[in-house]
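If you read the sequences in order, they're chains A and B. For the first sequence, position 105 (counting from the first letter as 1) is numbered 105 according to full-length UniProt numbering, and the numbering increases by one without interruption. For the second sequence, position 888 (counting from the first letter as 1) is numbered 888 according to full-length UniProt numbering, and the numbering increases by one without interruption. We put the beta carbon where it would ideally sit given N, CA and C, even for glycine. Just so we're clear, the structure is a prediction, and the values are computed from it rather than from any experiment. Report on one structure; see the data block that follows.
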Amino acid sequence: MSHFEPWTRERAAAIIAEFAGTKGATMPILHEIQHAFGFVPEAAIPMIADALNLSRAEVYGTVTFYHEFRHELPGRHVVRLCRAEACQSMGGDALAERAEKRLGIKLGETTPDRRVTLEPIYCLGLCATAPSAQVDDRMVGRLTESKLDAILTEAQS
Amino acid sequence: MSLVHEIDYGTKKSKSEKMVTLTIDGSEITVPEGTSIMRAAMEMGTTIPKLCATDMLESFGSCRLCLVEIEGRAGTPASCTTPVAPGIVVHTQSDRLHTIRKGVMELYISDHPLDCLTCSANGDCELQDMAGAVGLREVRYGMDNLSHFDKASDLFLPKDESNPYFTYDPAKCIVCNRCVRACEEVQGTFALTIEGRGFGSRVSPGMFEPFLESECVSCGACVQACPTATLQEKSVIEIGTPEHSVVTTCAYCGVGCSFKAEMSGDKLVRMVPYKDGKANEGHSCVKGRFAYGYATHKDRKLKPMIRAKITDPWQEVTWEEAINHAASEFKRIQAQYGRDAVGGITSSRCTNEETYLVQKLIRAAFGTNNVDTCARVCHSPTGYGLSVTLGTSAGTQTFASVSESDVILVIGANPTDAHPVFGSRMKARIREGAKLIVADPRSIDLVKSPHVLADYHLQLKPGANVAFINAMAHVVVTEGLVNEQYVRERCDLAEFESWARFIAEERNSPEASESITGIPAQKLRAAARLYATGGNAAIYYGLGVTEHSQGSTMVMGMANLAMATGNIGREGVGINPLRGQNNVQGSCDMGSFPHELPGYRHVSDDATREMFESMWGRPLSSEPGLRIPNMLDEALAKRFMGIYIQGEDIVQSDPDAQHVAAGLEAMECVVIQDIFINETAKYAHVFLPGTSFLEKDGTFTNAERRINRVRKVMAPLPGYADWEVTIMLAKALGYEMNYAHPGEIMDEVARLTPTFAGVSYDLLDKVGSVQWPCNEAAPLGTPLMHVDRFVRGKGRFMMTEFVPTDERTTAKFPLVLTTGRILAHYNVGAQTRRTDNTAWHPEDILEIHPFDAENRGLRDGDLVAIQSRVGEVSLRAKISERMQPGVVYTTFHHPVTGANVITTEFSDWATNCPEYKVTAVQVRKTNGPSYWQEKFMEEDISLTRILDAAE
Numbered sequence: 001m002s003h004f005e006p007w008t009r010e011r012a013a014a015i016i017a018e019f020a021g022t023k024g025a026t027m028p029i030l031h032e033i034q035h036a037f038g039f040v041p042e043a044a045i046p047m048i049a050d051a052l053n054l055s056r057a058e059v060y061g062t063v064t065f066y067h068e069f070r071h072e073l074p075g076r077h078v079v080r081l082c083r084a085e086a087c088q089s090m091g092g093d094a095l096a097e098r099a100e101k102r103l104g105i106k107l108g109e110t111t112p113d114r115r116v117t118l119e120p121i122y123c124l125g126l127c128a129t130a131p132s133a134q135v136d137d138r139m140v141g142r143l144t145e146s147k148l149d150a151i152l153t154e155a156q157s
Numbered sequence: 001m002s003l004v005h006e007i008d009y010g011t012k013k014s015k016s017e018k019m020v021t022l023t024i025d026g027s028e029i030t031v032p033e034g035t036s037i038m039r040a041a042m043e044m045g046t047t048i049p050k051l052c053a054t055d056m057l058e059s060f061g062s063c064r065l066c067l068v069e070i071e072g073r074a075g076t077p078a079s080c081t082t083p084v085a086p087g088i089v090v091h092t093q094s095d096r097l098h099t100i101r102k103g104v105m106e107l108y109i110s111d112h113p114l115d116c117l118t119c120s121a122n123g124d125c126e127l128q129d130m131a132g133a134v135g136l137r138e139v140r141y142g143m144d145n146l147s148h149f150d151k152a153s154d155l156f157l158p159k160d161e162s163n164p165y166f167t168y169d170p171a172k173c174i175v176c177n178r179c180v181r182a183c184e185e186v187q188g189t190f191a192l193t194i195e196g197r198g199f200g201s202r203v204s205p206g207m208f209e210p211f212l213e214s215e216c217v218s219c220g221a222c223v224q225a226c227p228t229a230t231l232q233e234k235s236v237i238e239i240g241t242p243e244h245s246v247v248t249t250c251a252y253c254g255v256g257c258s259f260k261a262e263m264s265g266d267k268l269v270r271m272v273p274y275k276d277g278k279a280n281e282g283h284s285c286v287k288g289r290f291a292y293g294y295a296t297h298k299d300r301k302l303k304p305m306i307r308a309k310i311t312d313p314w315q316e317v318t319w320e321e322a323i324n325h326a327a328s329e330f331k332r333i334q335a336q337y338g339r340d341a342v343g344g345i346t347s348s349r350c351t352n353e354e355t356y357l358v359q360k361l362i363r364a365a366f367g368t369n370n371v372d373t374c375a376r377v378c379h380s381p382t383g384y385g386l387s388v389t390l391g392t393s394a395g396t397q398t399f400a401s402v403s404e405s406d407v408i409l410v411i412g413a414n415p416t417d418a419h420p421v422f423g424s425r426m427k428a429r430i431r432e433g434a435k436l437i438v439a440d441p442r443s444i445d446l447v448k449s450p451h452v453l454a455d456y457h458l459q460l461k462p463g464a465n466v467a468f469i470n471a472m473a474h475v476v477v478t479e480g481l482v483n484e485q486y487v488r489e490r491c492d493l494a495e496f497e498s499w500a501r502f503i504a505e506e507r508n509s510p511e512a513s514e515s516i517t518g519i520p521a522q523k524l525r526a527a528a529r530l531y532a533t534g535g536n537a538a539i540y541y542g543l544g545v546t547e548h549s550q551g552s553t554m555v556m557g558m559a560n561l562a563m564a565t566g567n568i569g570r571e572g573v574g575i576n577p578l579r580g581q582n583n584v585q586g587s588c589d590m591g592s593f594p595h596e597l598p599g600y601r602h603v604s605d606d607a608t609r610e611m612f613e614s615m616w617g618r619p620l621s622s623e624p625g626l627r628i629p630n631m632l633d634e635a636l637a638k639r640f641m642g643i644y645i646q647g648e649d650i651v652q653s654d655p656d657a658q659h660v661a662a663g664l665e666a667m668e669c670v671v672i673q674d675i676f677i678n679e680t681a682k683y684a685h686v687f688l689p690g691t692s693f694l695e696k697d698g699t700f701t702n703a704e705r706r707i708n709r710v711r712k713v714m715a716p717l718p719g720y721a722d723w724e725v726t727i728m729l730a731k732a733l734g735y736e737m738n739y740a741h742p743g744e745i746m747d748e749v750a751r752l753t754p755t756f757a758g759v760s761y762d763l764l765d766k767v768g769s770v771q772w773p774c775n776e777a778a779p780l781g782t783p784l785m786h787v788d789r790f791v792r793g794k795g796r797f798m799m800t801e802f803v804p805t806d807e808r809t810t811a812k813f814p815l816v817l818t819t820g821r822i823l824a825h826y827n828v829g830a831q832t833r834r835t836d837n838t839a840w841h842p843e844d845i846l847e848i849h850p851f852d853a854e855n856r857g858l859r860d861g862d863l864v865a866i867q868s869r870v871g872e873v874s875l876r877a878k879i880s881e882r883m884q885p886g887v888v889y890t891t892f893h894h895p896v897t898g899a900n901v902i903t904t905e906f907s908d909w910a911t912n913c914p915e916y917k918v919t920a921v922q923v924r925k926t927n928g929p930s931y932w933q934e935k936f937m938e939e940d941i942s943l944t945r946i947l948d949a950a951e
């Protein structure tokens, strides 16, 4: 049911090979891996290290530094609510609480049916349209209660 | 005595020659441009508080404790990352700085357990020192919130005690990054990282693995860098902090690292690498840093023992009885079989002074030149090959020279395992951009590991070295890459011309030798061009060069290549043997070879001999004596019947072990001086307990010709140091040697040997170490050789015709076995096997390529029999892509493996150095130990029994 691909070493190797020749390849590879599999599987770390001639410690350090990179498979859809200062000042707190209540989970959790993962994010760079959110790859600005409800309904379907 | 205190300047020394004057706290100081303000302050004696800075590492600027004020500049810059500038006025203390520092410390301490009194770093903790230095008196933030040390906290992690030598206690960590940076910058392994970010950050080995399972090589750099008890030696946790220390030299490999032996009374608490040690500059490896436990292992035999037959149990006797028994046996044998029926072997593990005495005893007291040493089986071709081409039997550079190299050519050496501290230097240079060519049958770590990638891996076939080096030289000569001016000025032209004609012949081309070397011709050509044109090109090589039937030829071939391209005589170039044993260079220098007196002077040279005769008071033989293999052959012919072996285990280390054992069994008196009942002692009649490097004074000479002091830190456990025992034996033989201290022995060496003329313990104590030649012309030694001219005058090109070894693969023995070492163990393993280093390498294994494994139906971990023309042993197989098809590999660290049961008697044509690196073998699946191994296990008991005093 997930739109993410199932983990295979072959697919990971292909992604790594695509970027391995470029400078500073770690980040593009990690993004692409997460895009394909929904998270950065632990098994990918030694593969990236080997391809880029890094230690697995270094790649692990990079992966864990960024909250962006997930360590587990998320739900089918990922809803991220901006929790940074600008969005908070525009009512973000209440929206976050509303989302938690509607989905019956806390920020950072996935619904038991594995349809939706709700994540906090600290600034999407959309302060001008605060409060903001991200639904999978789509950005949403000027969030209201009804807009949020619509997003969640869509994600749950 | 007290602890040897080393100043931590906080940041590295600047290499700039331009000087800058500034004012710090009202005093003017002048320092090289590029120096940090922190270091400049320390140089005038002012310590700026710091936590994340240490002078082994690049500055980092994270702890925010070292802030200073600079007049006219805004803010409070970090003194570790701010370089000095002309005329600036710096204040290291002010009310503002005091407040900031106290605030920073308060935050650090708010997440640190206040258990200083029971902490293992108590008294040796920089966090503790800094809390004191900034005047921290209270922590206002409360300690019972989320923390890393409260067991109830989500962030708490238990101690990682997986490494046998040190613990990792995350509760004490201040995340200063020093360990992570030490692992990267000093060791070059990159095994550590910081996991997470912000308050959740913590040190993680590998992917948050236990240390032992991570990429960590246990070099100890992180432990040394840690300012708290987070990374702490288990020995300190157990014993407590040391109270005095002595600077001495590691007794493992030929790098010769300086260490502070930190003591509590006569108990060794820990070995800490010494920053002023010029070979290692504060770095260490798992062996020198941690694997010293063998010195006090229960297997140490501390009482002299004798027995009539090797099948008898040993009987413990007094020193007097043992010495007198040995002396009377040697006298009897000489009376019965002739003067030359006895001899001895000096030890590359012992000091220069001890080696000198053993060869003196043999030459003067025995009256024969039957003395040899283990260099016979490792670098004898180096001595010969370099001396005929360049004029000296040693490497040309200092270790530090590698930091000036642009192209590094590694041939038959595995520095990251066998010479790890030098390997780290080399890796640091490679990270700076030096090009790397690796010529090795195996994919060693230098071929590919984090931040290291060889530009060319020339995966040659074992036994093809000379064909390979000739092809390299062919490219240089035929493509017009010869440094003609250099050759014209410095080398013998006639020899060069005939060599160039020879090397230019088509049969030496990469294309023609491709089928022999297995190296694609285009790849070899590209590598040769890089070596010849890439700037400073340095050759580093190991036993993969020397331990072949053409070992000496290969050494000459490398010298030819280096001379032809002008790569000898300045920083960053040269030919550098990575010598194996701690004092193998020294044992050769001290006259351990049957044809050479100390200083490599031939025994047939009348003037030299006369000088020694007058000093030693005995006539000396002008005939070269027997080499080790000849001694064994002569024993089987009943012409060589007694031997004195100091600190060497020839049964395990020499080729064709069954032949060695048979030779020893044929002798009537075998005297072994060793710290353990080693394999050779199974065939001995007299056992003289030896002493470790911790129990004596002396010197070791490392692979860069550096003479380092060895200093006694504890009394000799058996009562006498090895040099004293040799003196007693000489006396019992009727030859007096009068030395009160090893320093007097060195004085005698200096008087007799021109290259050592300036060496004395006084000088060594004053300057730390010197590299020979050290004499009137070079009173502080010679770091770099052959600078303006070669030692022999004109550099001499030698003909290097490739002659394949007689050891060929056949249908019956289709694979080539090559042997080597692993990081955790040292040579025959007598020491490291008696330490916790076995955690990394409990047994020798056979590495085999997947293709060869599949052909034989082998799976990873299978027990396999490996059989050569001379013997068979069983060991476990590991399927490995590091091998090339047709080549298998094992180590020889464990006696039961019996790797040398398989190796053959073939050897270097010039020096008899055994051909360990090439043995034709067959490998098949088996289900038990070989016949030899069963016999070994039986004899391990039957030939080592000691008579119980009660019996």
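- Task: Quick one: which residues of the region 25–37 of chain A get their C-beta closer than 7 Å to a C-beta of chain B? List them in chain order.
- Result: none
- Message: Just verifying my parser: in three-state terms, what is the DSSP assignment at B/Q232?
- Response: On the second sequence, residue 232 of chain B is found 232 positions in, with the first residue counted as 1. Note: B/Q232 maps to strand in three-state DSSP.
- Item | Residues sharing a beta bridge with A/I16, DSSP | Here residue 16 of chain A corresponds to residue number 16 of the first sequence, with the count starting at 1. BP columns for A/I16 are empty, so no partner.
- Message: To the nearest angstrom, how far is the alpha carbon of B/G534 from that of B/A504?
- Response: Start at 1 with the first residue of the second sequence, and residue 534 of chain B comes out as number 534. Start at 1 with the first residue of the second sequence, and residue 504 of chain B comes out as number 504. Taking the straight line from one Cα to the other gives about 22 Å.
- Message: Measuring only from the beta carbon, is B/G768 closer than 7 Å to any heavy atom that is part of the ligand FMN?
- Response: Because no ligand of any kind appears in the structure shown, any question about the ligand FMN cannot be addressed here.
- Mind checking the region 55–79 of chain A against chain B and listing, in chain order, the residues whose C-beta falls within less than 7 Å of any C-beta there? Residues of the region 55–79 of chain A with a C-beta atom less than 7 Å from some C-beta of chain B are S55, R56, A57, E58, Y60, G61, T64 and F65, listed in chain order.
- Query: Going by beta carbon distance, what residues of the same chain come within less than 7 Å of A/A12, once the five residues before and after it are set aside?
  - Reply: On the first sequence, position 12 is the one that residue 12 of chain A refers to. The residues are I33, A44 and M47.
- Output, in chain order, the set of chain A residues within a Cβ distance shorter than 9 Å of B/A194. Looking up residue 194 of chain B in the second sequence gives position 194. The question names Ala, but residue 194 of chain B in the sequence shown is Ile. Those within 9 Å of B/I194 in chain A are G61, T64 and F65.
- In the DSSP assignment, find the alpha helix (DSSP H) that holds A/S89 and state where it starts and stops. Residue mapping note: residue 89 of chain A aligns to position 89 of the first sequence, counting from 1. Unbroken alpha helix (DSSP H) run through A/S89: E85 to S89.
- Item | Burial state of B/H786, where buried means 16 or more other Cβ atoms lie within 10 Å | Position 786 of the second sequence, counting from 1, holds the residue named residue 786 of chain B. Flag for B/H786 reads buried.
- Contact set for B/Q147: own chain, Cβ-Cβ below 6 Å, skip 5 residues either direction: Counting from 1 along the second sequence, the entry for residue 147 of chain B is found at position 147. In the sequence as displayed, the identity of residue 147 of chain B is Ser instead of Gln. Taken in chain order, the residues that qualify are D111 and S153.
- Message: Measuring only the C-alpha atoms, how far is B/T782 from B/A730?
- Response: Sequence index remark: in the second sequence, residue 782 of chain B carries index 782 (1-based). Sequence index remark: in the second sequence, residue 730 of chain B carries index 730 (1-based). C-alpha separation (whole angstroms): 35 Å.
- Completely contained alpha helix (DSSP H) runs for the region 527–566 of chain B, where each covers 4 or more residues: 543–546 and 551–564
- Item | Residues that DSSP places opposite B/E213 in a beta bridge | Counting from 1 along the second sequence, the entry for residue 213 of chain B is found at position 213. Paired residues: none, contrary to the question.
- Under the DSSP definition of a beta bridge, which residues are partnered with B/C669? Along the second sequence, read from residue 1 onward, the residue named residue 669 of chain B stands at position 669. Partner(s): B/G642.
- Query: What residues from chain A crowd round B/F166, counting only those whose CB sits closer than 7 Å?
  - Reply: Indexing the second sequence from 1 puts residue 166 of chain B at position 166. Near B/F166 there are no residues of chain A at all, since even the closest Cβ is about 17 Å away, more than 7 Å.
- Item | Host beta strand (DSSP E) of B/H457 (start-end) | Looking up residue 457 of chain B in the second sequence gives position 457. From DSSP, the beta strand (DSSP E) with B/H457 extends over Y456 to L458.
- Message: Under 8 Å, Cβ to Cβ, is there at least one residue of chain B near A/E145?
- Response: Position 145 of the first sequence holds residue 145 of chain A. Not an interface residue.
- Of all the options B/Y274, B/N280 and B/P779, which has the alpha carbon lying nearest to the alpha carbon of B/L3? Taking the first residue of the second sequence as 1, we reach residue 3 of chain B at position 3. Nearest in C-alpha terms to B/L3, of all of B/Y274, B/N280 and B/P779, is B/Y274.
- Item | Residues of its chain near B/G743, where Cβ-Cβ distance is below 7 Å and the 5 sequence neighbours each way are ignored | Here the question's residue 743 of chain B lines up with position 743 in the second sequence. Hits under 7 Å: Y761.
- Message: Measuring alpha carbon to alpha carbon, tell me which residue in B/S443, B/V402 and B/P462 is nearest B/G433.
- Response: In the second sequence, residue 433 of chain B corresponds to position 433, counting from 1. Selected option, being the one with the closest Cα: B/V402.
- Query: Is the distance from the Cβ of B/G719 to the Cβ of B/W314 below 8 Å?
  - Reply: Residue numbering aside, residue 719 of chain B sits at position 719 when the second sequence is read from its first letter. Residue numbering aside, residue 314 of chain B sits at position 314 when the second sequence is read from its first letter. No, Cβ-Cβ distance for B/G719 and B/W314 is not below 8 Å.
- Task: Give a yes or no on whether the minimum CB-CB distance between A/E109 and chain C is below 8 Å.
- Result: Going by chain labels, chain C is absent from the structure shown, which instead holds the protein chains A and B.
- Within 10 angstroms of the Cβ of B/S614, are there 16 or more other Cβ atoms? Answer buried if so, exposed if not. By one-based count along the second sequence, residue 614 of chain B stands at place 614. By the neighbour-count rule (16 or more Cβ atoms within 10 Å), B/S614 is not buried but exposed.
- Message: By DSSP's criteria, B/K435 is part of a beta bridge. Which residues make up the other side?
- Response: Here residue 435 of chain B refers to the residue found at position 435 of the second sequence. Bridge partners of B/K435: B/V407.
- What's the gap between the Cα of B/F211 and the Cα of B/N163? The count along the second sequence starts at 1 and reaches residue 211 of chain B at position 211. The count along the second sequence starts at 1 and reaches residue 163 of chain B at position 163. Approximately 6 Å between the Cα atoms of the pair.
- Item | CB contact flag (B/Q652, B/Q673, <8 Å) | Residue 652 of chain B sits at position 652 when you count from the first residue of the second sequence. Residue 673 of chain B sits at position 673 when you count from the first residue of the second sequence. No, Cβ-Cβ distance for B/Q652 and B/Q673 is not below 8 Å.
- Provide the residue(s) that pair with A/V116 in DSSP beta bridges, ordered along the chain. As a working mapping, residue 116 of chain A is identified with position 116 in the first sequence. Answer is A/H77, bridged to A/V116.
- Item | Segment contact, 8 Å Cβ cut-off, at least three pairs: the region 891–898 of chain B with the region 856–868 of chain B | no
- Message: Measuring only the C-alpha atoms, how far is B/R64 from B/T389?
- Response: Translated into the one-based positions of the second sequence, residue 64 of chain B becomes position 64. Translated into the one-based positions of the second sequence, residue 389 of chain B becomes position 389. So the two alpha carbons sit approximately 57 Å from each other.
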